[in-house]
Structure formats: C-alpha cells, structure tokens
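Input: a single structure, listed below in structure tokens.
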Amino acid sequence: MSAGTRHREQAAGPAKRLDSLWMYALLALVATAGFFYVNLMAAIVDGLVTGLAFSNAQAGMVGAANTYGATAGALIAVFLVGRLRWKPAVVVLLAAMIGIDLLSTLVHAPWLMIALRGLDGLLGGMATGLIYAVMARTASPDRAFGMLLAVQFGLGGLGMMLLPPLVPALGAKILFLSLAGVSCLALLAILAIPRIETGKGAGSIAYQPIGTRKRLTVSLVMLGLFLFQAANMALLAFIIGLGEHAGLSRAFIGQALGWATWVAILGALLVVFMGERFGRFQPLWIAFVLTLVGTVGFYGSASGAIYFIANVGTGITWSFVVPYLFGMASSIDASGRLTSLAGFISHLGLASGPLAAGLVLGSGQFHFLITAALAVLAASAAATLLAARRIDSPEHAR
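As numbered in the working numbering, residues 1 to 398 make up the sequence shown, in order.
Pasting the structure below:
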C-alpha cells in the first residue's frame with residue numbers, strides 16, 4: 001500500500017463508500033461537460049478559421065478566452081467548495097452553458113465570440129471545479145480521474161472524427177451544438193448520482209493546513225501540471241493545421257485524430273486499473289519518456305503513419321499522466337480544495353498553450369512550436385517526477 005493510500009484512509013474515512021466505477025463514470029461525464037471544448041479545441045479553432053474566416057490569431061484567442069474564463073471559474077470554485085450544495089449549483093451552471101452554446105451558433109463577429117466563449121468558460125470552470133472536489137473525496141482519486149480522462153477522450157475522439165468534415169457543409173455552429181448536447185447528457189447524469197455530501201456536516205472533511213515539506217511538493221505538482229497541459233494543448237489546438245502544413249488531407253487528419261483519441265483512452269483505463277498499486281514515480285517516468293518520443297514524432301508529420309502514431313502516443317500518455325497529477329493533489333489534501341486548485345492550474349495551462357501557439361503560428365513556424373513544446377514537457381517531467389518521488393516516500397503520510 002502506498003503512502004498516499006495510507007494518508008487517504010486516515011483522512012477520508014467515509015469516502016470508501018464512493019469506490020464505484022459507475023459513480024466514477026457519472027462524475028466523469030458531468031466534469032467533462034464543463035470543459036468539453038478542450039477536447040474539441042482543434043476542431044473549434046479550425047472551424048472558426050474555415051467556417052467563419054477567422055484568422056489563426058483570432059481563432060486562438062477564442063480558444064484562449066474559453067479556457068481563461070474556465071481558469072477564473074475554477075479559481076472561484078476553490079472558495080465555493082464545502083460552502084454550497086454541489087448538485088443544484090452544477091445544474092444551474094450547465095443550463096446556463098447550454099444557453100450560451102446555442103447563442104454562439106448565431107455569432108459571426110470575432111470579439112463577440114471571444115466574449116461569449118469567455119463567459120461559457122467561466123461557468124464551465126466553476127462546474128468542473130466543484131465536481132473535482134467531489135472526485136477528490138472518492139476512495140481512489142487516481143482511478144476517478146482516470147475515468148474522467150477515459151470519458152473525455154472517448155467523446156473527444158468521436159467529436160474529432162465526425163465534426164471537422166461537417167464544418168464546411170454545416171458551418172461552425174455544429175461545434176457549439178455538440179457542446180450543448182454533451183451538457184444535456186451531463187444534466188441527465190446528475191439525476192443518476194446519489195446524494196454525496198461535500199458541504200458542512202458530518203460527512204464533510206475539513207481543510208487541513210499544509211506543512212512546510214508538503215508546500216514544496218504542492219508547488220512541484222502544480223508546476224508540472226501547468227507545464228504539461230500548456231505544452232500538450234499548444235500542439236493540439238493547431239494539430240489540424242500542422243497536418244495540412246505537412247501535406248496531409250483534411251479527411252485523413254480527421255480520421256487520424258478521431259482514432260488516435262479513442263486509442264488514447266487506453267492510458268486513462270490503465271490508471272483506472274492500476275490506481276496506486278505501483279506508486280506514482282515508476283509509471284510516470286515511463287510515461288514522460290514516451291511523451292517526449294511521441295512529440296518528436298511530429299517533426300515527421302509529412303508521413304501519415306508517423307503523424308498518426310505521434311498522436312496516438314502523446315494521447316495515451318496525456319490521458320495517463322493527468323489523472324496521476326490530480327491524484328497527487330488529492331493525496332495531499334482530502335477535503336478536495338487543493339484538487340479544485342489543481343483544476344484552476346490545469347485550466348491556466350490549457351489556456352496558455354493555444355494563446356502562445358497562435359502567436360507563434362502567425363508565421364507558420366510549426367517546427368519551432370514542436371521544439372518549444374518539447375522543452376516545456378521536459379521541464380514538466382522534472383517537476384512532476386520530483387513531486388512523485390516525494391509523495392511515494394513514507395514521510396509523505398506524516
């Protein structure tokens with residue numbers, strides 16, 4: 001049994017009743033609805049360019065606004081955890097998001113689109129942050145977040161395969177209708193989730209101050225999470241453009257990304273299966289090596305096979321690493337507040353990647369983008385592995 005598991009058993013007690021794959025799947029669907037635009041980011045950015053004639057910079061700003069809005073929402077959620085009932089709050093937030101998605105289908109002006117998507121992100125970030133706190137209360141947050149990535153990548157793969165070819169015929173509105181559809185499914189999922197107490201009362205877990213030693217570990221986890229999300233999203237946001245720049249057809253790119261995203265579910269399912277039984281350091285260093293190798297593969301995108309393999313490899317490691325990063329945050333603080341903070345940091349990284357990439361790609365520097373992503377991923381690996389080593393140590397439970 002790992003130190004993280006011992007710590008959770010000592011601190012979380014009642015959360016054992018929440019160790020259910022079905023519960024994890026329902027929570028994962030609700031959490032996914034709050035930031036499903038992330039999975040469709042490449043399709044949204046490309047759809048705005050091809051369907052509404054936005055420039056690369058404008059489309060990148062729309063994606064960044066959506067994600068920076070979610071970042072602000074996730075930060076607000078940190079202060080709401082334990083102070084309100086999560087179910088009614090999330091229902092209201094999702095309903096408002098559906099309205100904004102439908103309104104977005106009527107918008108053609110870049111700056112109005114940026115404002116709308118920023119508001120949508122704000123609401124989605126709040127909803128996701130509240131759900132993250134609930135997931136942190138489960139018996140195995142690593143498995144819970146693994147299920148989240150599995151649902152996220154499964155729906156994302158379907159969207160990436162079906163939506164890009166539809167944009168030329170139906171316009172960018174099909175993208176926003178898809179986002180609204182997932183939010184509707186999330187509302188149904190909430191009805192199937194039994195009552196989970198995260199507010200004040202006997203079932204709540206109070207936030208415990210973090211000691212000096214653990215503060216450094218928290219900083220390393222957050223740094224690793226931010227850099228990992230930023231580097232991966234910088235590439236994903238413009239992965240369709242990268243393929244076209246390399247001479248690949250749009251039809252091939254859509255199929256390749258769809259299948260790659262579905263195969264990437266294996267990484268998340270592996271986390272669901274493994275949990276903490278092998279600790280975190282050993283699985284993570286292998287995953288980071290594969291991440292760097294897969295990212296190098298994007299240099300050879302002129303080959304359809306290499307482009308596909310690179311997307312598969314980085315997708316698998318993406319869905320594998322993120323659950324462990326959130327699991328590490330949960331192991332430090334069982335109340336869920338630190339996990340909500342990790343959601344804020346994650347959104348910040350996801351927003352920063354497309355923004356930086358959009359500015360770089362003003363001159364079509366795809367090779368420079370790949371090189372920059374590699375450097376950021378290497379820095380993320382250093383921070384994450386050091387944090388994992390500390391959390392795996394016996395002293396972490398003290």
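Virtual Cβ for every residue (Gly too), placed ideally from N, Cα, C.
When the Cα atoms are used, what is the spatial distance from residue 96 to residue 186? 13 Å
Boundaries (first-last residue) of the alpha helix (DSSP H) holding residue 331: Segment 304-332, the alpha helix (DSSP H) holding residue 331.
Taking residue 61 as the reference, give the member of 358, 368, 390 and 389 with the closest Cα. 358
I believe residue 31 touches residue 131 by the beta-carbon criterion, under 8 Å. Please report the beta-carbon distance rounded to the nearest angstrom. 4 Å
Expressed to the nearest angstrom, what Euclidean distance is found between the alpha-carbon atoms of residue 389 and residue 169? 51 Å
State buried or exposed for residue 188, treating a residue as buried only when at least 16 other CB atoms are found within 10 Å of its CB. When all chains shown are included, residue 188 counts as exposed.
Integer-rounded CB distance, given that residue 230 should sit under 8 Å from residue 349: Contact between residue 349 and residue 230 holds, since their C-beta atoms are separated by about 4 Å, short of 8 Å.
Which parts of the region 58-111 are runs of the alpha helix (DSSP H), unbroken and 4 residues or longer, counting only runs that do not cross its ends? Counting only runs of 4 or more, we get 86-104.
Which residues in the same chain as residue 239 place their Cβ atom closer than 6 Å to its Cβ, once the five residues preceding and following it in sequence are excluded? 42
Taking the beta carbon of residue 92 as the centre, do at least 16 other beta carbons fall within 10 Å, making it buried, or is it exposed? exposed
When you compare each of 325, 251 and 376 to residue 166 by their alpha carbons, which one comes out closest? If we check each option's Cα against that of residue 166, 251 comes out closest.
At which residues does the alpha helix (DSSP H) containing residue 152 begin and terminate? 141-170
DSSP on residue 54, reduced to helix/strand/coil? coil
Give me, in chain order, the residues of the same chain whose beta-carbon lies closer than 7 Å to that of residue 287; leave out the 5 immediate sequence neighbours on both sides. 317, 320 and 321
What span of residues does the alpha helix (DSSP H) with residue 365 cover, start to end? Careful: residue 365 lies outside any alpha helix (DSSP H) and carries neither H nor E.
What first and last residue would you give for the alpha helix (DSSP H) that runs through residue 174? That run of the alpha helix (DSSP H) goes 173-192.
With H, G and I counted as helix, E and B as strand and the rest as coil, what does DSSP make of residue 20? Correct three-state label for residue 20: coil.
Mark residue 84 as exposed unless 16 or more other C-beta atoms lie within 10 angstroms of its C-beta, in which case mark it buried. exposed
If I measure Cβ to Cβ from residue 46 and keep anything under 8 Å in the same chain, skipping five residues before and after, which residues do I get? 59, 164, 167, 240 and 241
Suppose you measure from the CA of residue 343 to the CA of residue 119; what does that come to, to the nearest Å? 17 Å
For a test of the three-state rule: what should DSSP assign to residue 249, helix, strand or coil? coil
Would you call residue 367 buried or exposed, if buried means 16 or more other Cβ atoms sit within 10 Å of its Cβ? exposed
Quick check on residue 300: buried or exposed, where buried means 16 or more other Cβ atoms within 10 Å of its Cβ? With fewer than 16 other beta carbons inside 10 angstroms of its own, residue 300 counts as exposed.
Proximity of residue 385 and residue 284 at Cβ, strictly below 8 Å: yes
In its own chain, which residues sit with a C-beta less than 6 Å from the C-beta of residue 76, not counting the 5 before and 5 after it? So the qualifying residues of the chain are 126.
Sorted by chain position, which residues of the same chain lie with C-beta nearer than 6 Å to residue 26's C-beta, five sequence neighbours on each side aside? So the list reads 189, 192 and 193, once near-sequence residues are dropped.
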